[in-house]
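Colleague:
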Amino acid sequence: FAYAWIAGMIQHGKGITGLYCPTVNCYQRFTLDNSSPKHLDWDIDSCNTFISVHVAREQVWIETRLPSSACNPYFVLLATLASGLDGVAKKLTCPAKSYSGADAVPQSLGLALDALTADPVLEEALSPLLLKAFVSIKRDAEIAKYQELEAAEDKEEKIKLLEKHLYLIRI
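One point on numbering: in UniProt numbering, the residue at position 7 of the sequence shown is 7, and numbering is uninterrupted.
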């Protein structure tokens, strides 16, 4: 059961990333030299993998290390359940631990949204209408605004102001 669950999460990992890391700013941590997951893989007690399986005495639990603090926990739960249950229903085979052929985590919100919209399991779990609205808001209200600032001379200062407006003022 657990191996098929992990396989489902890995299979849907690129699309899941759009929900686990829903802001442009979330993707900065994947370019840093830190313990953030870089590939859609798994291992035992690892802080560097997408999924870490922990074993303590008779207890076993699966931790997904990708969600950002900016995520919507309901979307994370929904995506986790949908992808894990899809793996179980299809009896997917789990790849080897930390296998070298693991896909990279999408490096931008745009790439993650592309994968999310291309994933029929996640689309069905969210509903096509909610997925369309979510992706439209992310592309039009966030990504487009960042792209407008790319050519600005004082780009970093303007991006800080945009992030403050997008993520902090609305709280």
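From the three backbone atoms N, C-alpha and C, an ideal C-beta is built for every residue, glycine too.
Looking at A125 and K82, is the spacing between their C-beta atoms short of 8 angstroms?
Modeller: Lys is not the amino acid found at residue 82; the sequence shown has Ala there. In this structure, A125 lies closer than 8 angstroms to A82 by Cβ.
Colleague: Please go through the stretch 17-51 and give each complete alpha helix (DSSP H) segment of 4 or more residues, from N-terminal end onward.
Modeller: Qualifying alpha helix (DSSP H) stretches: none in this window.
Colleague: So is the beta-carbon of V24 under 7 angstroms away from any non-hydrogen atom of the ligand MG?
Modeller: The ligand MG is not part of this structure, which contains no ligands at all.
Colleague: Does the contact criterion of 3 or more C-beta pairs under 8 angstroms hold for the stretch 13-25 versus the stretch 63-71?
Modeller: Because the criterion of three Cβ pairs below 8 angstroms is met, the stretch 13-25 and the stretch 63-71 touch.
Colleague: In whole angstroms, what separates the C-alpha of Y3 from that of S35?
Modeller: Near 23 angstroms, if we compare the C-alpha coordinates of S35 and Y3.
Colleague: How many angstroms separate the CA atom of E63 from the CA atom of H12?
Modeller: Answer to the nearest angstrom: the Cα atoms are 16 angstroms apart.
Colleague: Taking Q147 as part of the alpha helix (DSSP H), name the residues at either end of that continuous run.
Modeller: Q147 -> alpha helix (DSSP H) spans A144 to L149.
Colleague: Under the DSSP definition of a beta bridge, which residues are partnered with Q59?
Modeller: For Q59, which the question treats as bridged, DSSP gives the partners A56.
Colleague: Quick check: what's the CA-CA separation for E123 versus G18?
Modeller: If I take the Cα positions, the gap works out to 12 angstroms.
Colleague: Near A115, which residues of its chain fall below 8 angstroms by C-beta distance, leaving aside the five closest residues on each side in sequence?
Modeller: Excluding sequence neighbours, A115 sits near K14, G15, T17, G18 and P106.
Colleague: I'd like to confirm the pairing. Which residues does DSSP put opposite T64 in its beta bridges?
Modeller: Answer by DSSP bridge pairing, in chain order: I51.
Colleague: Assuming the contact rule is C-beta atoms closer than 8 angstroms, I143 and G110 should be a hit. Round their C-beta distance to whole Å, please.
Modeller: Contact holds; Cβ gap of about 6 angstroms.
Colleague: In the DSSP assignment, the alpha helix (DSSP H) including K158 goes from what residue to what residue?
Modeller: Taken as a continuous stretch (DSSP letters only), the alpha helix (DSSP H) holding K158 covers K155 to E163.
Colleague: May I have the straight-line CA-CA distance separating S100 from I10, to the nearest angstrom?
Modeller: Distance between the alpha carbons of S100 and I10: 14 angstroms.
Colleague: Going by Cα to Cα distance, which pick from F134, P95 and I159 is closest to A112?
Modeller: For A112, the nearest C-alpha among the options comes from F134.
Colleague: Quick one: using the 10 Å Cβ neighbour count with 16 as the cut-off for buried, is L130 buried or exposed?
Modeller: It counts as exposed.
Colleague: Grab me the residues of L149's own chain with a C-beta within less than 7 angstroms of its C-beta, minus the 5 sequence neighbours each way, in chain order.
Modeller: Taken in chain order, the residues that qualify are K155, K158, I159 and L162.
Colleague: Measure from the alpha carbon of A79 to the alpha carbon of each residue in P37, L168 and T117, then state which is nearest.
Modeller: Minimum Cα distance to A79 is reached at T117.
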